[in-house]
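For the sequence shown, the residue numbers in the numbering used here are 682 to 899.
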Amino acid sequence: MIYYFSGTGNSKWVAEELARRTNDEVQSIAALQRDGTVSVYANCGSRIGIVFPIYAWGAPMLVERFCKSLKMAEGVYAYAVCTCGDEAGLALKRLRKMFAYRSAWSVVMPNNYVIGFDLDSPELEASKIRAAHEKLAQIASSINARGTVYDVHEGPAAGVKTVIVRPLFNTFAMSTREFIADQNCNGCGLCARICPIGAIEMKNDRPVWVKKQCTQCL
Numbered sequence: 682m683i684y685y686f687s688g689t690g691n692s693k694w695v696a697e698e699l700a701r702r703t704n705d706e707v708q709s710i711a712a713l714q715r716d717g718t719v720s721v722y723a724n725c726g727s728r729i730g731i732v733f734p735i736y737a738w739g740a741p742m743l744v745e746r747f748c749k750s751l752k753m754a755e756g757v758y759a760y761a762v763c764t765c766g767d768e769a770g771l772a773l774k775r776l777r778k779m780f781a782y783r784s785a786w787s788v789v790m791p792n793n794y795v796i797g798f799d800l801d802s803p804e805l806e807a808s809k810i811r812a813a814h815e816k817l818a819q820i821a822s823s824i825n826a827r828g829t830v831y832d833v834h835e836g837p838a839a840g841v842k843t844v845i846v847r848p849l850f851n852t853f854a855m856s857t858r859e860f861i862a863d864q865n866c867n868g869c870g871l872c873a874r875i876c877p878i879g880a881i882e883m884k885n886d887r888p889v890w891v892k893k894q895c896t897q898c899l
């Protein structure tokens, strides 16, 4: 089974592509945990994967909570795949303390943290997606062979970013206070339907943020 968390769809696509290439199934972590923490047990000899985006050089807190609830028997082949705009910091090394994976990879995808960075050009987006297709083929091959791999682009000053910057992000940069729906909103309700933690509700055909904090998946 491949468990994934996705805000904008990048990690969902990666999980589904890996499932297709490894003849596996996918399960949304957010959907599984919607009513509270659910413990998952992986039987001896089974295979389990976690796919998620990098938020401020770390795994989303929802993913970390899920990994802490996982129970795995001896002989389970476990792996983790993260998606990121450029680099992952020490996110995967930190995650290994909660989820004893054998292999881990990072997959570069288009930047989508719109309040922190400029979006990639269409040409760069297309280049990243082409490279992601190629890398997923390699990852799937290694998963099928139950290989042992650590192929994660951590980037410069990874420790500073994960150990110092990430806690500041989780403390001060997850408020929903600044989110609004202006005249460009057409009231379709898509944001409320796909919000992974149910932080948005539709009222009078406009989205309203009903939680003070969210995952900042945007």
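Ideal Cβ positions, reconstructed from N, Cα and C, are used throughout, including at glycine.
Item to check | Opening and closing residue of the alpha helix (DSSP H) in which Gln819 lies | outcome: In the sequence shown, counting from the first residue as 1, residue 819 sits at position 138. From DSSP, the alpha helix (DSSP H) with Gln819 extends over 803-825.
Next on the checklist: Run through the DSSP bridge pairs and tell me what Ala761 is partnered with.
Outcome noted: Reading the sequence shown from its first residue, position 80 is the one you call residue 761. The partner list for Ala761 (beta bridge, DSSP) reads Ile731, Ala785.
Checklist entry - Under the rule that 16 or more other beta-carbon atoms within 10 Å means buried, what is Cys725, buried or exposed? => result Residue 725 sits at position 44 when you count from the first residue of the sequence shown. In the assembly as shown, Cys725 is an exposed residue. Its beta-carbon has fewer than 16 other beta-carbons within 10 Å.
Checklist entry - Counting contacts by CB-CB distance shorter than 8 Å, is Gly726 in contact with chain B? => result Among the protein chains of the structure shown there is no chain B, as only one such chain exists.
Next on the checklist: Cutting at 8 Å between CB atoms, please list the residues of its own chain near Leu899, excluding the five before and the five after it.
Outcome noted: Working through the sequence shown from its first residue, we reach residue 899 at position 218. Contacts found: Gly688, Thr689, Asn793, Tyr794, Val795, Ile796.
Item to check | Proximity winner among Val762, Leu776, Pro803, Ala740, relative to Val789 (alpha-carbon distances) | outcome: Indexing the sequence shown from 1 puts residue 789 at position 108. Nearest option by C-alpha distance: Val762.
Item to check | Neighbourhood of Lys816 by C-beta, 6 Å cutoff - its chain only, sequence neighbours within 5 removed | outcome: Locating residue 816 in the sequence shown gives position 135, where the first residue counts as 1. Cβ neighbours of Lys816 beyond the five flanking positions: Val788.
Next on the checklist: By the three-class DSSP mapping on this structure, what secondary structure does Pro741 have?
Outcome noted: Taking the first residue of the sequence shown as position 1, residue 741 is located at position 60. Residue state for Pro741 is assigned as coil, using DSSP reduced to three classes.
Next on the checklist: Going by DSSP in three states, Leu871 sits in which element: helix, strand or coil?
Outcome noted: Indexing the sequence shown from 1 puts residue 871 at position 190. DSSP, read as helix, strand or coil, puts Leu871 in helix.
Next on the checklist: Using a 10 Å radius around the Cβ and a threshold of 16 neighbouring Cβ atoms, would you call Val757 buried or exposed?
Outcome noted: The count along the sequence shown starts at 1 and reaches residue 757 at position 76. So Val757 counts as buried.
Checklist entry - So, is Thr718 buried or exposed, given that buried needs 16 or more other C-beta atoms within 10 angstroms? => result By 1-based counting over the sequence shown, the position of residue 718 is 37. In the assembly as shown, Thr718 is an exposed residue. Its beta-carbon has fewer than 16 other beta-carbons within 10 Å.
Checklist entry - Can you name the start and end residues of the alpha helix (DSSP H) that Pro848 belongs to? => result Looking up residue 848 in the sequence shown gives position 167. Pro848 -> alpha helix (DSSP H) spans 847-853.
Checklist entry - Roughly how many whole angstroms lie between the Cα atoms of Leu771 and Arg874? => result If you number the sequence shown from 1, residue 771 lands on position 90. If you number the sequence shown from 1, residue 874 lands on position 193. Spanning the two alpha carbons is a distance of roughly 32 Å.
Checklist entry - Over what stretch of residues does the beta strand (DSSP E) that includes Val889 continue unbroken? => result Counted from its first residue, the sequence shown places residue 889 at position 208. Unbroken beta strand (DSSP E) run through Val889: 887-890.
Item to check | Selection from Ala880, Ala821, Arg887 that minimises the alpha carbon distance to Glu697 | outcome: Along the sequence shown, read from residue 1 onward, the residue named residue 697 stands at position 16. Nearest C-alpha to Glu697: Ala821.
Next on the checklist: If you measure between the beta carbons of Ser692 and Phe733, is that distance less than 8 Å?
Outcome noted: In the sequence shown, counting from the first residue as 1, residue 692 sits at position 11. In the sequence shown, counting from the first residue as 1, residue 733 sits at position 52. Cβ distance < 8 Å, so Ser692 and Phe733 count as in contact.
Next on the checklist: Counting C-beta neighbours from all protein chains within 10 Å, is the total for Ala812 16 or more, i.e. buried, or is it exposed?
Outcome noted: Reading the sequence shown from its first residue, position 131 is the one you call residue 812. By the beta-carbon neighbour count (other beta carbons within 10 angstroms, threshold 16), Ala812 is exposed.
Item to check | With 16 other Cβ atoms within 10 Å as the buried cut-off, status of Leu773 | outcome: The count along the sequence shown starts at 1 and reaches residue 773 at position 92. By the 10 Å Cβ count, Leu773 comes out buried.
Item to check | Separation of Ala838 from Gly879, as counted between CA atoms | outcome: The residue labelled residue 879 in the question sits at position 198 within the sequence shown. The residue labelled residue 838 in the question sits at position 157 within the sequence shown. Straight-line Cα distance between these residues: approximately 34 Å.
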